[in-house]
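Novice:
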Amino acid sequence: RQEARVFQPRHLISVGDGARVEVIERYLGIDESLYCTNTVLEIRLGNGAELDHQRIQLESSAAFHIAGLYLQQTAGSRYRGVNLGLGARWARTDIRTTLLENGAVCDLQGLYLAGDGQLIDYHLDVDHRAPGCTSVERFKGLVFGKGKAVFDGRVFVAKDAQKTDARMTNRNLLLSRGAEVNTKPQLEILADDVKCSHGTTVGQLDPDALFYLRARGIPLTQARRMLSMGFAGEILDQITDLRLRETLAELVGARLELAPAD
482 RQEARVFQPR
492 HLISVGDGAR
502 VEVIERYLGI
512 DESLYCTNTV
522 LEIRLGNGAE
532 LDHQRIQLES
542 SAAFHIAGLY
552 LQQTAGSRYR
562 GVNLGLGARW
572 ARTDIRTTLL
582 ENGAVCDLQG
592 LYLAGDGQLI
602 DYHLDVDHRA
612 PGCTSVERFK
622 GLVFGKGKAV
632 FDGRVFVAKD
642 AQKTDARMTN
652 RNLLLSRGAE
662 VNTKPQLEIL
672 ADDVKCSHGT
682 TVGQLDPDAL
692 FYLRARGIPL
702 TQARRMLSMG
712 FAGEILDQIT
722 DLRLRETLAE
732 LVGARLELAP
742 AD
């Protein structure tokens, strides 16, 4: 009998003034091995620094994944983060971003896929402390079987953070009646000269689009996959490595083909 284990990595990424870095962070599990990953990543961006960060969670179907990402940005820095949550029985990711100085830009995007026995949980906290900063949060979810997903996003704009531009969206597709999504985007604004928006949607595949595809001889399973991949593709296309992007697209597509239809 395999012994359950706990892994607790902690990393610090510090990008100096004007530097540009790309990081691909992957968590992989084998078969149905039971373990817990409890990880912390701290990121500090210097003035004018740029970081392209792609984070892929592909833990085993029996694993637990707990992650904390803490990001601090100074003047003119740019952060682009792509988060894919595809594996684990239970996964929670906390992303806390602080825009400390003028002109910082933070772009957070994510895709999560939850099927039977899975709970995928994302919590975002974006703190605008300085004027003239921009943040974009765009997360999408595909939930099927009796899978569950949670999206809890908060954008805070301090009193002195004038000229802030902040946008948050969360869109979800429920592919079966037993699927469940809890979503709560929030704005807390203390400044008065800002452009801020937030929105969320939870829906099903368009029956007219399904009918259109099936009327042209495409089987139901394949039609569902095509529409679902069109929904997910906007995020998958943000993976910069072509081979990795293709591998992830194949993995997502294969899981969607096995998703029960009801």
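Quick note on the numbering used here: the sequence shown kicks off at 482 and runs consecutively.
Backbone N, C-alpha and C fix where the C-beta goes; we use that ideal spot for every residue, glycine too.
These figures come from a predicted structure and were not determined experimentally.
Would you say the beta carbon of Q703 comes nearer than 6 Å to a heavy atom of the ligand MN?
Specialist: No copy of the ligand MN occurs in the structure displayed, which carries no ligand at all.
Novice: So the candidates are A696, F637, Y603; which of them puts its Cα closest to the Cα of N663?
Specialist: Mapped onto the sequence shown, residue 663 falls at position 182. Nearest option by C-alpha distance: Y603.
Novice: At which residue ranges does the stretch 606-688 contain complete beta strand (DSSP E) runs of 3 or more residues, listed in the order of the chain?
Specialist: If we require 3 residues or more, the beta strand (DSSP E) runs fully inside the stretch 606-688 come out as 615-624, 629-638, 646-655, 661-670, 676-684.
Novice: Measuring CA to CA, which of T721, G634, E618, M710 is closest to K665?
Specialist: Working through the sequence shown from its first residue, we reach residue 665 at position 184. Looking at the Cα atoms, G634 is the closest of the given residues.
Novice: Considering only DSSP beta bridges, list what F545 is partnered with.
Specialist: As a first step, residue 545 is located in the sequence shown; it is residue number 64 there, counting from the start. In DSSP, F545 forms a bridge with C517, W571.
Novice: May I ask you to verify whether the stretch 596-615 touches the stretch 561-580, counting CB pairs closer than 8 Å and requiring at least 3?
Specialist: Taking 8 Å as the limit for Cβ pairs, the verdict is that the stretch 561-580 does touch the stretch 596-615.
Novice: If we ignore side chains and look at the alpha-carbon of each, how far apart do P688 and P700 end up?
Specialist: As a working mapping, residue 688 is identified with position 207 in the sequence shown. As a working mapping, residue 700 is identified with position 219 in the sequence shown. The alpha-carbon atoms of P688 and P700 are separated by roughly 14 Å.
Novice: Do G510 and Q538 have their C-beta atoms within less than 7 Å of each other?
Specialist: Taking the first residue of the sequence shown as position 1, residue 510 is located at position 29. Taking the first residue of the sequence shown as position 1, residue 538 is located at position 57. The answer is no: Cβ separation not under 7 Å.
Novice: Pull up the distance between the alpha-carbon of D646 and that of N564, whole angstroms please.
Specialist: As a working mapping, residue 646 is identified with position 165 in the sequence shown. As a working mapping, residue 564 is identified with position 83 in the sequence shown. D646 and N564: Cα-Cα distance of roughly 22 Å.
Novice: Taking 7 Å as the threshold (C-beta atoms), are G562 and G529 in contact?
Specialist: Taking the first residue of the sequence shown as 1, we reach residue 529 at position 48. Taking the first residue of the sequence shown as 1, we reach residue 562 at position 81. Cβ distance not < 7 Å, so G529 and G562 don't count as in contact.
Novice: Between R697 and L737, is the Cβ-Cβ spacing less than 7 Å?
Specialist: Stepping through the sequence shown from its first residue, residue 697 is reached at position 216. Stepping through the sequence shown from its first residue, residue 737 is reached at position 256. Taking 7 Å as the Cβ cut-off, R697 and L737 do not qualify as a contacting pair.
Novice: Is A595 closer than 7 Å to A569 when the C-beta atoms are compared?
Specialist: Residue 569 sits at position 88 when you count from the first residue of the sequence shown. Residue 595 sits at position 114 when you count from the first residue of the sequence shown. No, these two residues do not count as a Cβ contact at 7 Å.
Novice: List the whole-angstrom C-beta distance separating H534 from E506, where the pair is believed to meet the contact cut-off of C-beta under 8 Å.
Specialist: Translated into the one-based positions of the sequence shown, residue 534 becomes position 53. Translated into the one-based positions of the sequence shown, residue 506 becomes position 25. Confirmed, Cβ separation roughly 7 Å.
Novice: So A713 is in the alpha helix (DSSP H); what residue range does that whole segment cover?
Specialist: Position 232 of the sequence shown, counted from the start, is the residue given in the question as residue 713. Unbroken alpha helix (DSSP H) run through A713: 701-717.
Novice: Considering only the beta carbon of each residue, do L671 and H679 sit closer than 7 Å?
Specialist: Reading the sequence shown from its first residue, position 190 is the one you call residue 671. Reading the sequence shown from its first residue, position 198 is the one you call residue 679. No.
Novice: From what residue to what residue does the beta strand (DSSP E) around L565 run?
Specialist: Walking along the sequence shown from the start, residue 565 turns up at place 84. 559-566 is the span of the beta strand (DSSP E), which, as asked, contains L565.
Novice: Determine the extent of the alpha helix (DSSP H) in which A735 is found, giving its start and end residues.
Specialist: Numbered from 1 along the sequence shown, position 254 holds the residue referred to as residue 735. From DSSP, the alpha helix (DSSP H) with A735 extends over 723-739.
Novice: Alpha carbon to alpha carbon, what distance is there between S558 and L532?
Specialist: Your numbering for residue 532 matches position 51 in the sequence shown. Your numbering for residue 558 matches position 77 in the sequence shown. Answer to the nearest angstrom: the Cα atoms are 8 Å apart.
Novice: Return helix, strand or coil for L581, following the three-state DSSP convention.
Specialist: Within the sequence shown, numbered from 1, the residue matching residue 581 stands at position 100. Note: L581 maps to coil in three-state DSSP.
Novice: Look at the alpha carbon of A740 and the alpha carbon of Q599, and state the distance between them as a whole number of angstroms.
Specialist: Taking the sequence shown and counting its residues from 1, the one referred to as residue 740 is at position 259. Taking the sequence shown and counting its residues from 1, the one referred to as residue 599 is at position 118. For A740 and Q599, the distance between alpha carbons rounds to 13 Å.
Novice: Apart from the five residues on each side of it in sequence, which residues of its chain come closer than 8 Å, Cβ to Cβ, to R482?
Specialist: Indexing the sequence shown from 1 puts residue 482 at position 1. Bear in mind that the predicted position of R482 carries a pLDDT of just 49, short of 50, making it too unreliable to give a figure here.
Novice: A556 by DSSP, collapsed to three states: which one?
Specialist: For the purposes of this step, residue 556 is identified with residue 75 of the sequence shown, where counting begins at 1. Coil, per DSSP.
Novice: How many angstroms separate the CA atom of D606 from the CA atom of F632?
Specialist: As a working mapping, residue 606 is identified with position 125 in the sequence shown. As a working mapping, residue 632 is identified with position 151 in the sequence shown. D606 and F632: Cα-Cα distance of roughly 11 Å.
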